[in-house]
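Below: one structure, written as structure tokens.
Here it is as structure tokens:
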């Protein structure tokens, strides 16, 4: 198997942003601010057990759709985490 599990889709990204903002998912806007973005990257890194290097892609993550695309590409390119070392 290559790479980690499927990246978060639009619905999951919205749910994560709603969790950050402590609001219902339907209240989450399309734009992502810097605090939301930092939270989102942190949660995805924790969930998938990887470190994302997104310096060049952060600007493209200013919308929900942009974040879904960038995270999908980054996770597809990331090596699978080593779960054997416990």
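In this note's numbering, the protein residues as written are 6 to 91.
No residue lacks a Cβ here, since even glycine has one placed at the ideal position from N, Cα and C.
{"Asked": "Alpha-carbon to alpha-carbon, residue 57 and residue 27", "Found": "25 Å"}
{"Asked": "Contact set for residue 25: own chain, Cβ-Cβ below 7 Å, skip 5 residues either direction", "Found": "41, 44"}
{"Asked": "Beta-ladder partner(s) of residue 68, from DSSP", "Found": "36"}
{"Asked": "Buried/exposed call for residue 7, threshold 16 Cβ in 10 Å", "Found": "In this prediction, residue 7 scores a pLDDT of 46, lower than 50, which makes its location untrustworthy; no coordinate-derived value is stated."}
{"Asked": "Cβ separation of residue 37 and residue 30, assumed to be a contact under 8 Å, to the nearest whole Å", "Found": "Rounded, the Cβ-Cβ distance is 14 Å, inconsistent with contact."}
{"Asked": "Continuous alpha helix (DSSP H) stretch holding residue 15: start and end", "Found": "15 to 26"}
{"Asked": "Nearest to residue 60 (by Cα), restricted to the options 35, 32, 79, 53", "Found": "79"}
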